[in-house]
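Q: Dumping the structure here so I can ask a few things about it.
Below, the structure written as structure tokens:
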């Protein structure tokens, strides 16, 4: 089991940040959904409880995904409403039904054997169905339930998706029928083979079990759930209940696809450096029309990466300095954070992220990033943006964060000279530590190709974006005491700098330890 | 109020003149030039002056003492195409030297001189918006810029030395408009313009009417010092060029660079590579001081200003 977990958690274990002991992660996957196929349904799982060891202290919230990933519009409202509907129920009830982590490893995808959600299966039969199916399923009358689409799409009808394929998607999409079946006949589709062979299943702890089956708990669940749902820090980051990655059908609607073709064309023109005659940009170069036309694509990517946000409600209103770790071969963390924040916190001005010169002045990419909202990192720009009440995102690791090899992923580099602390002090705004997990595996830096001639330090050799799941955690805001005077106190600046770095480090390790799989 | 000016036949002088004539507070206008500009209105007084002649400062000093001016616009800068760079250098640098000597001697109350935001240079490490305090950087090989940097240096020295003279320096973004003729408008009127592929920096321009208005506002403001005077909005350079009817042709940087090197080696007229920085990095100036203290707000949005280049009236 241990081996499996390691595999599941991080197939590239070497060099990864240390992880907490397995025991703390109570995660169960209703695997039925992932792999169930019609044939499988015929096979009845004989059995029994296979809950993982579930810890009450660390509840998992399966359905966070739907919240984070669903269709953009009414952010707050959705966040509030949703959890009640499906997500919270399971967690409130207990962990028994959490999706198991076993499935996360990429190898799984290749595995023809259907993993049934064994543990839950048992329970399912006996219990009210809702709990077992993915959270969204249970609450949601709409049949998108078990379908692969459920994971990513929340409530989008799966029907209009054209392109089935995806280069990057290693994992086969679960068959829709079976998924549906899940909702209807809970107990039916569990594949026994896996269960038998899988050692993990056997060590289900009794409590988990009982928790899972308690009808009372389930009933109570909805009320228990707080209206606004911010996953507590301890919650495991599992949202995998349904399907793994879904690139194909559900990511992009036809309209979205058409719009994004236009967006991509605009982006390519920006990359070349030849914008349109009617291009309008704001004072810092953001082209709102381009951003709008790229919106469907950004939404699709967010679903593809199943971006989960934690603590986004804690980002203070008005200006603030969001400090995040930089990761991956391509600087996609900035735009993604910007996009997620814009959707979740419409009350804030769209956050601008500051880009180091190596990226900002790199041909092509620099222009494109500037058009979608990046600003060159400089104290003057930061102060000006803050004065305009715009939250700014900084990556104090700078280019070092992007140029570290994959083996050193999630190892924070030096946080510059703490310039962002001085800026926050001078502007009198709080610092919000942000940990981003997922970028390193989405676009791993495999090699650096020499590219001096192109005017960039190196050309990163990476893969097409892999479907790693992303987690973005916003920490408690740190207020810099002392105002502008603090900015000149180098010792204080260094101390705060280290403090922020440590905070992000802890958040990263926490996210990594709670994540039950890369993909 | 008596107002004197040099360079009355320059673009800015030509645009400013009607505003001065319409200004009720301006009692007398005195134009200093080598020849009387054609169509100069009758009520404008003309004084012959050759700023290039050795001893010009003594002439000017005597003439200034006679007319007792309240404000002086020094607009005699070469913006049209020059075939003799030495002449332009003499006029701009030495001419300004003479003029400053005379103005300092007779203590004209106010001196207004136009300058350029191009002087900041396009630099990778510049902030998004350059304040007036940002250092100026001459561009290697571009006389048009390096001479004006020298003029600004003289002005800064002058205003330190003669604090009783109010010196206002207006750094204009590239001035565009149907009647303007300066290096920038000549660039924009080229059909095909090579740009650097993968770069599309933001540019500012200012419409000629707005520029003239800012110059006129400088006559009455209480403020002094340096002002960035920029148009309304910014836009990627490729978008601006397209709006003006020309065609930006992005060329890969290394190819462009070698092409320029080859042309220089062959003694063909070529834009120096240093000029290409303006197509790679932004060089936007922060115009908020002018808005605050000159009360100058541009009227013509950037794309409209560029589109006005299509109608040519020169």
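Chains as they are written, first to last, in the numbering used here: chain A, 1497 to 2015; chain B, -8 to 305. Each residue gets a CB set at the ideal place from its N, CA and C atoms; glycine is no exception.
Considering only their Cβ atoms, is the gap separating residue 269(B) from residue 113(B) smaller than 7 Å?
A: Position 122 of the second chain, counted from the first residue, corresponds to residue 113(B). Position 278 of the second chain, counted from the first residue, corresponds to residue 269(B). Yes. Within cutoff.
Q: Pick helix, strand or coil for residue 65(B), following the three-state DSSP scheme.
A: One-based indexing of the second chain puts residue 65(B) at position 74. Residue state, collapsed to three classes: strand.
Q: Under the DSSP definition of a beta bridge, which residues are partnered with residue 223(B)?
A: Along the second chain, read from residue 1 onward, the residue named residue 223(B) stands at position 232. BP columns for residue 223(B) point to 292(B).
Q: On the three-pair Cβ rule with 8 Å, is the region 1917 to 1926 of chain A touching the region 1824 to 1831 of chain A?
A: The answer is no - the region 1824 to 1831 of chain A does not touch the region 1917 to 1926 of chain A, with fewer than three Cβ pairs under 8 Å.
Q: Label residue 195(B) either buried or exposed according to how many other C-beta atoms from any shown protein chain fall within 10 Å of its C-beta, with 16 as the threshold for buried.
A: Position 204 of the second chain, counted from the start, is the residue given in the question as residue 195(B). Flag for residue 195(B) reads buried.
Q: Taking 7 Å as the limit between beta carbons, can you name the residues of its chain near residue 1901(A), skipping five residues before and five after?
A: Your numbering for residue 1901(A) matches position 405 in the first chain. Contacts found: 1941.
Q: What does residue 1779(A) reach in chain B if we use C-beta pairs closer than 9 Å?
A: Numbered from 1 along the first chain, position 283 holds the residue referred to as residue 1779(A). Chain B residues near residue 1779(A): 119, 120, 193, 224, 225, 275.
Q: Measure from the C-beta of residue 1834(A) to each C-beta in chain B and report whether the shortest distance is under 7 Å.
A: Against the first chain, residue 1834(A) aligns to sequence position 338. Residue 1834(A) does not count as touching chain B.
Q: Per DSSP, what are the beta-bridge partners of residue 194(B) in this structure?
A: As a working note, residue 194(B) is residue 203 in the second chain. Answer is 226(B).
Q: Here's a check: name, in chain order, each residue in its chain whose Cβ is nearer than 7 Å to the Cβ of residue 1912(A), leaving out the five neighbours to either side.
A: If you number the first chain from 1, residue 1912(A) lands on position 416. Counting only Cβ-Cβ distances below 7 Å, and skipping sequence neighbours, we find 1892, 1894.
Q: Do we get a CB-CB distance below 7 Å when we pair residue 188(B) with the residues of chain A?
A: Position 197 of the second chain, counted from the first residue, corresponds to residue 188(B). Residue 188(B) counts as touching chain A.
Q: What are the start and end residues of each continuous beta strand (DSSP E) run of 3 or more residues lying completely inside the region 81 to 150 of chain B, in chain order?
A: Whole beta strand (DSSP E) segments, 3+ residues: 101 to 107.
Q: Give me whichever residues DSSP pairs with residue 238(B) in a beta bridge.
A: The count along the second chain starts at 1 and reaches residue 238(B) at position 247. Answer is 183(B).
Q: Would residue 1767(A) and residue 1864(A) qualify as a contact pair, given that the criterion is a beta-carbon distance under 7 Å?
A: In the first chain, counting from the first residue as 1, residue 1767(A) sits at position 271. In the first chain, counting from the first residue as 1, residue 1864(A) sits at position 368. In this structure, residue 1864(A) lies closer than 7 Å to residue 1767(A) by Cβ.
Q: Just to confirm before moving on: does the CB-CB distance between residue 1943(A) and residue 1959(A) stay below 7 Å?
A: Locating residue 1943(A) in the first chain gives position 447, counting from the first residue. Locating residue 1959(A) in the first chain gives position 463, counting from the first residue. Contact flag unset, no.
Q: Using the three-state DSSP reduction, which class does residue 1954(A) fall into: helix, strand or coil?
A: For this step, residue 1954(A) is matched to residue 458 along the first chain. DSSP places residue 1954(A) in strand when its eight states are reduced to three.
Q: If we ignore side chains and look at the alpha-carbon of each, how far apart do residue 220(B) and residue 165(B) end up?
A: Working through the second chain from its first residue, we reach residue 220(B) at position 229. Working through the second chain from its first residue, we reach residue 165(B) at position 174. About 10 Å.
Q: Do the region 60 to 72 of chain B and the region 80 to 90 of chain B meet, that is, are 3 or more Cβ pairs less than 8 Å apart?
A: Contact between the region 60 to 72 of chain B and the region 80 to 90 of chain B is present, because at least three Cβ pairs lie under 8 Å.
Q: What are the boundary residues of the alpha helix (DSSP H) that residue 248(B) is part of?
A: Numbered from 1 along the second chain, position 257 holds the residue referred to as residue 248(B). Per DSSP, residue 248(B) belongs to the alpha helix (DSSP H) from 244 to 256.
Q: Where are the beta strand (DSSP E) runs, 3 residues long or more, that stay fully inside the region 1867 to 1950 of chain A, in chain order?
A: Correct list: 1888 to 1890, 1927 to 1933, 1943 to 1946.
Q: Between 2008(A), 1779(A), 1976(A), which lies nearest to residue 1968(A) when the distance is taken from Cα to Cα?
A: Stepping through the first chain from its first residue, residue 1968(A) is reached at position 472. If we check each option's Cα against that of residue 1968(A), 2008(A) comes out closest.
Q: With 8 Å as the limit, tell me which residues of the region 1744 to 1774 of chain A have their beta carbon closer than that to any beta carbon of chain B; keep them in chain order.
A: Correct list: 1766, 1767, 1768, 1769, 1770, 1771, 1772, 1773, 1774.
Q: What is the DSSP secondary structure of residue 1856(A), reduced to helix, strand or coil?
A: As a position in the first chain, residue 1856(A) is number 360, starting the count at 1. Note: residue 1856(A) maps to helix in three-state DSSP.
Q: How is residue 216(B) classed by DSSP in three states: helix, strand or coil?
A: Along the second chain, one-based indexing puts residue 216(B) at 225. Residue 216(B) falls in the strand class under three-state DSSP.
Q: Could you check whether residue 229(B) and residue 1867(A) sit closer than 7 Å to each other, using their CB atoms as the reference points?
A: Here residue 1867(A) refers to the residue found at position 371 of the first chain. Here residue 229(B) refers to the residue found at position 238 of the second chain. Contact flag unset, no.
Q: In chain B, which residues lie with their C-beta within 9 Å of the C-beta of residue 1785(A)?
A: To locate residue 1785(A), count along the first chain from 1; it is residue 289. Simply none; closest approach about 12 Å.
Q: Which word fits residue 1909(A), buried or exposed, when buried means at least 16 other C-beta atoms lie within 10 angstroms of its C-beta?
A: As a working note, residue 1909(A) is residue 413 in the first chain. So residue 1909(A) counts as buried.
Q: Pick out whichever of 245(B), 276(B), 257(B) has its Cα sitting closest to the Cα of residue 1952(A).
A: Working through the first chain from its first residue, we reach residue 1952(A) at position 456. It is 245(B).
Q: Helix, strand or coil, according to DSSP, for residue 15(B) in the structure here?
A: Within the second chain, numbered from 1, the residue matching residue 15(B) stands at position 24. Residue state, collapsed to three classes: coil.
Q: Does the beta-carbon of residue 1886(A) have 16 or more other beta-carbons within 10 angstroms, so that it is buried, or is it exposed?
A: By 1-based counting over the first chain, the position of residue 1886(A) is 390. With 16 or more Cβ atoms within 10 Å of its Cβ, residue 1886(A) is classed as buried.
Q: For residue 1968(A), which residues does DSSP report across the bridge?
A: As a first step, residue 1968(A) is located in the first chain; it is residue number 472 there, counting from the start. Note: residue 1968(A) sits in a beta bridge opposite 1805(A), 1932(A).
Q: At a CB distance below 8 Å, what residues from the region 154 to 175 of chain B approach chain A? Give them in sequence order.
A: If the cut-off is 8 Å between Cβ atoms, the region 154 to 175 of chain B has nothing near chain A.
Q: Are there 16 or more other CB atoms within 10 angstroms of the CB of residue 1984(A), so buried, or fewer, so exposed?
A: Here the question's residue 1984(A) lines up with position 488 in the first chain. Exposed.
Q: For residue 24(B), is the classification buried or exposed, using 16 other Cβ atoms within 10 angstroms of its Cβ as the cut-off for buried?
A: Translated into the one-based positions of the second chain, residue 24(B) becomes position 33. Classification for residue 24(B): buried.
Q: Kindly identify the DSSP beta-bridge partner or partners of residue 276(B).
A: To locate residue 276(B), count along the second chain from 1; it is residue 285. DSSP, once it has assigned bridges, lists 121(B) as partnering residue 276(B).
Q: Chain B beta carbons: is any one of them nearer than 7 Å to that of residue 1934(A)?
A: Here residue 1934(A) refers to the residue found at position 438 when the first chain is read from its first residue. Taking Cβ atoms only, chain B never reaches closer than 7 Å to residue 1934(A), which makes this a no.
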